[in-house]
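Below is one structure, written out as structure tokens, with a few remarks after it.
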Amino acid sequence: MERAVVSWLCSSAAVRGRAHNRRREPCQDRARAIRRDGVTAIALADGAGSARLSHFGAETAVRAVLRFSCRYFDELFSSEPGEVRGRVVSHVCDALGACAATQKASIQDMATTLLVVAVKGSRFLAVHVGDGVIACERDGVSSVLSSPTRGEYANETVFITSRKAPDALFLARGDVRPYTAFALMSDGSATVLYDRRESRIAPAVRTIWGWLDRNTPSDVESALRHNLRDLFLEKSSDDCSLAIMRRRVTQIAAIAECDLEFQKLILGCTSSRSVRSRLSVLRCMEEEDYSVEPDALATIAKKTGLSIERASFHAFSMRQMLS
Amino acid sequence: MGDEMKLRKEELVENPTARVPVCLCLDVSGSMTGAPIEELNQGVRLFFESLSNDEVAKYSAEVAVVTFGGFAAQKHLDFGSLASQTVPQFQAGGGTPLGAAVGLALDMLEARKKEYSSTGIDYYQPWLVLMTDGQPTDDISGAASRTVSLIENRKLTIFPIGIGPQADMSVLAQFSPKRSPLRLKGLNFREFFEWLSKSVSRVSQSIPGTNVPLDEKGIKGWSEL
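From first to last, the protein sequence lines are chains A and B. This note's numbering puts the first residue of the first sequence at 15, with every later residue one more than the last. This note's numbering puts the first residue of the second sequence at 17, with every later residue one more than the last.
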């Protein structure tokens, strides 16, 4: 049976809204993507307008939650929901508290919303506190995975620093295979990408996901920034941000035909040397029927000329990415 | 960036603008006859004009007017878009059924909030502007306790304003547990309504998580200290 490599390509962008531009205040939205420890994750934070250092808060929260979800993915996936909620909130709040201390501020000055999706192998987890939206494409249909948590009034929401954050935190975990894309949007972006009355995702989101099928993530990032600035800010005075991830399935035979940048993205590599090693390992794995038993790993190491440790590392990494 | 990665407007959605419901509860009793009612009419007209000229507030502000004079409170203008409303004109006469007027205003605000919720329209905390130049001629206790409860539960913002030296500020204070009532400087209705429209505009442009402080400096333009 011909196998394929499943990878998740990501892109993100954030732009300052008209209201902050006018008052010469920083953009309080942050959006980032990371690939580490076999996990691909995107996160987005929208700092509270009322919190004076929420731009620091958003940056700190995004970095902290990305690191945390990569490092502890397996535990976060399998632990009790209540424990996961508590751990995520306390880890991010610890990071915010440490940042607040360096700024001689309180943690409330760092208040922010937070949205995350992380994928490892065939599993995913999604976390959401506050407003903004998590959208997904499942079985070819785009829909809302998590809708905004808002108060009664338009300017009210829950922040990761709120007392009720652990209870208000949305948590979803499961088999990622029916899903082909995810998107995180801040409240500003949701103004044009999420129909509040119908709880429906705008067609633009599918269009944006499609960009990652034909372009590099850095080109998509640049396009996102342009669209946020030229189109979204016409309709929303708030900061606008977006983080997207798209599943890409590439037949093993076709990987060799891709250019080096795409090979790095597909195989999760940062160097051309690593790409060469993984491709060699992949070819040998096919001959060994994708087994990662000690005998098979020894054969792969011998055939590729890699140490048994390196061959095993690549083989286990690739096995998680195979369809 | 080529056209390939440019979104079209048709691919986006249109969400309704979040609304700021404002109910003006105005004294049009006999004692307002003459210059006060004329200045009030001009002030209210200015209020509607200012909001209509504001690029955000004209879509978000929704104004209703309840008057109290004669023997009853009257729904003078129900909530609606500014573009569809005619600026009301008032005539002075009769008593001061303030309690009934506040009760009616609260009923209207509650009904409007329900309409917003059922049609998926976001809204900000409602505002009630209460203006009187004298003493109520009906029982205010029920309306006052209702108002206090709403304010304490962060469901209402009230602006109680006394007009002229005869306005009973202690009565107005019964409606406002957090903010002391203010007395209008002379007949500075226009200055007050200009300040009010700017305040509505600031709220309508606020973004989530933002507490919009009142323009305290601007209050000095229309209020006696």
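Idealized CB from N, CA, C, for every residue including glycine.
Cutoff 9 Å: residue i Cβ touching any chain A Cβ
{"i": "A3 of chain B", "result": "Only positions 17 to 241 of chain B appear in the structure, and residue 3 of chain B is not among them; the question remains open."}
{"i": "G234 of chain B", "result": "no"}
{"i": "Y139 of chain B", "result": "yes"}
{"i": "V81 of chain B", "result": "no"}
{"i": "K74 of chain B", "result": "no"}
{"i": "K91 of chain B", "result": "no"}
{"i": "K171 of chain B", "result": "yes"}
Spatial neighbours of residue i in its chain, beta-carbon cut-off 7 Å, leaving aside the 5 residues before and after
{"i": "I48 of chain A", "result": "A55, L80 and C84"}
{"i": "A88 of chain B", "result": "P113 and A116"}
{"i": "A114 of chain A", "result": "S120, I121, D123 and M124"}
{"i": "D138 of chain B", "result": "A34"}
{"i": "T175 of chain A", "result": "C107, L110, I121, Q122, M124 and A125"}
Residues near residue i by beta carbon distance below 8 Å, same chain, minus five either side
{"i": "I322 of chain A", "result": "L311, A312 and A315"}
{"i": "D181 of chain A", "result": "R99"}
{"i": "W211 of chain B", "result": "D231, G234, I235, G237 and W238"}
{"i": "L67 of chain B", "result": "A73, K74, A77, V79, L98, S213, V216 and S217"}
{"i": "F209 of chain B", "result": "G59, V60, L62, F63 and S66"}
Residue i versus residue j - alpha carbon distance
{"i": "R195 of chain B", "j": "S156 of chain A", "result": "48 Å"}
{"i": "L256 of chain A", "j": "L203 of chain B", "result": "51 Å"}
{"i": "L247 of chain A", "j": "C298 of chain A", "result": "51 Å"}
{"i": "E94 of chain A", "j": "V102 of chain A", "result": "12 Å"}
{"i": "S192 of chain B", "j": "V118 of chain B", "result": "12 Å"}
{"i": "E65 of chain B", "j": "L40 of chain B", "result": "15 Å"}
{"i": "P40 of chain A", "j": "Y75 of chain B", "result": "27 Å"}
{"i": "I177 of chain B", "j": "S45 of chain B", "result": "15 Å"}
{"i": "I174 of chain B", "j": "G96 of chain A", "result": "41 Å"}
{"i": "V36 of chain B", "j": "Y140 of chain B", "result": "5 Å"}
{"i": "L146 of chain B", "j": "A127 of chain B", "result": "19 Å"}
{"i": "V20 of chain A", "j": "E27 of chain B", "result": "29 Å"}
{"i": "D60 of chain A", "j": "P197 of chain B", "result": "37 Å"}
{"i": "L274 of chain A", "j": "S286 of chain A", "result": "7 Å"}
{"i": "V131 of chain A", "j": "A195 of chain A", "result": "10 Å"}
{"i": "L166 of chain B", "j": "N31 of chain B", "result": "28 Å"}
{"i": "F55 of chain B", "j": "C150 of chain A", "result": "Note that residue 55 of chain B is Glu in the sequence shown here, rather than Phe. For E55 of chain B and C150 of chain A, the distance between alpha carbons rounds to 57 Å."}
{"i": "G110 of chain B", "j": "Q190 of chain B", "result": "23 Å"}
{"i": "D155 of chain B", "j": "E170 of chain A", "result": "35 Å"}
{"i": "R243 of chain A", "j": "A168 of chain A", "result": "23 Å"}
{"i": "P142 of chain B", "j": "R66 of chain A", "result": "26 Å"}
Listed by chain order, chain D residues near residue i by CB distance under 7 Å
{"i": "K214 of chain B", "result": "The chain labelled as chain D is not found among the protein chains of the depicted structure, namely A and B."}
Contact with chain B by residue i, beta-carbon distance below 9 Å
{"i": "V206 of chain A", "result": "yes"}
{"i": "A114 of chain A", "result": "no"}
{"i": "D233 of chain A", "result": "yes"}
{"i": "G63 of chain A", "result": "yes"}
{"i": "E151 of chain A", "result": "no"}
{"i": "P308 of chain A", "result": "no"}
{"i": "H69 of chain A", "result": "no"}
{"i": "R243 of chain A", "result": "no"}
{"i": "E73 of chain A", "result": "no"}
{"i": "R260 of chain A", "result": "no"}
{"i": "H240 of chain A", "result": "yes"}
{"i": "R44 of chain A", "result": "no"}
{"i": "R228 of chain A", "result": "yes"}
{"i": "R292 of chain A", "result": "no"}
Chain B contact residues for residue i, given Cβ-Cβ distances below 7 Å
{"i": "D9 of chain A", "result": "An answer regarding residue 9 of chain A cannot be provided, because it is not within the stretch 15 to 337 covered by chain A."}
{"i": "T221 of chain A", "result": "L23 and E27"}
{"i": "P40 of chain A", "result": "Result: empty, since nearest Cβ-Cβ is about 14 Å, beyond 7 Å."}
{"i": "W225 of chain A", "result": "M21"}
{"i": "P217 of chain A", "result": "E27"}
{"i": "Y167 of chain A", "result": "Y139, Y140 and Q141"}
Contact belief for residue i with residue j at Cβ below 8 Å, rounded distance in angstroms
{"i": "A204 of chain A", "j": "V141 of chain A", "result": "Not a contact, Cβ separation roughly 17 Å."}
{"i": "L125 of chain B", "j": "L144 of chain B", "result": "7 Å"}
{"i": "V289 of chain A", "j": "K278 of chain A", "result": "6 Å"}
{"i": "S200 of chain A", "j": "C254 of chain A", "result": "6 Å"}
{"i": "M332 of chain A", "j": "W22 of chain A", "result": "With 8 Å as the limit, M332 of chain A and W22 of chain A do not qualify as a contact, their Cβ atoms being about 15 Å apart."}
{"i": "A339 of chain A", "j": "W225 of chain A", "result": "As displayed, chain A neither begins before 15 nor continues past 337, which places residue 339 of chain A out of reach and without an answer."}
{"i": "F106 of chain B", "j": "L42 of chain B", "result": "7 Å"}
{"i": "I269 of chain A", "j": "L245 of chain A", "result": "No, I269 of chain A and L245 of chain A are not in contact; Cβ-Cβ is about 35 Å, not under 8 Å."}
{"i": "R44 of chain A", "j": "A72 of chain A", "result": "4 Å"}
Within chain A, the residues that residue i reaches when beta carbons sit closer than 7 Å
{"i": "Q221 of chain B", "result": "A33 and S251"}
{"i": "G136 of chain B", "result": "R210 and R211"}
Proximal residues to residue i (C-beta, below 6 Å), its chain only, five neighbours per side dropped
{"i": "K134 of chain A", "result": "G52, V53 and F87"}
{"i": "M21 of chain B", "result": "none"}
{"i": "Q90 of chain B", "result": "T83"}
{"i": "G150 of chain B", "result": "S47, T112 and Q182"}
{"i": "V164 of chain B", "result": "P193"}
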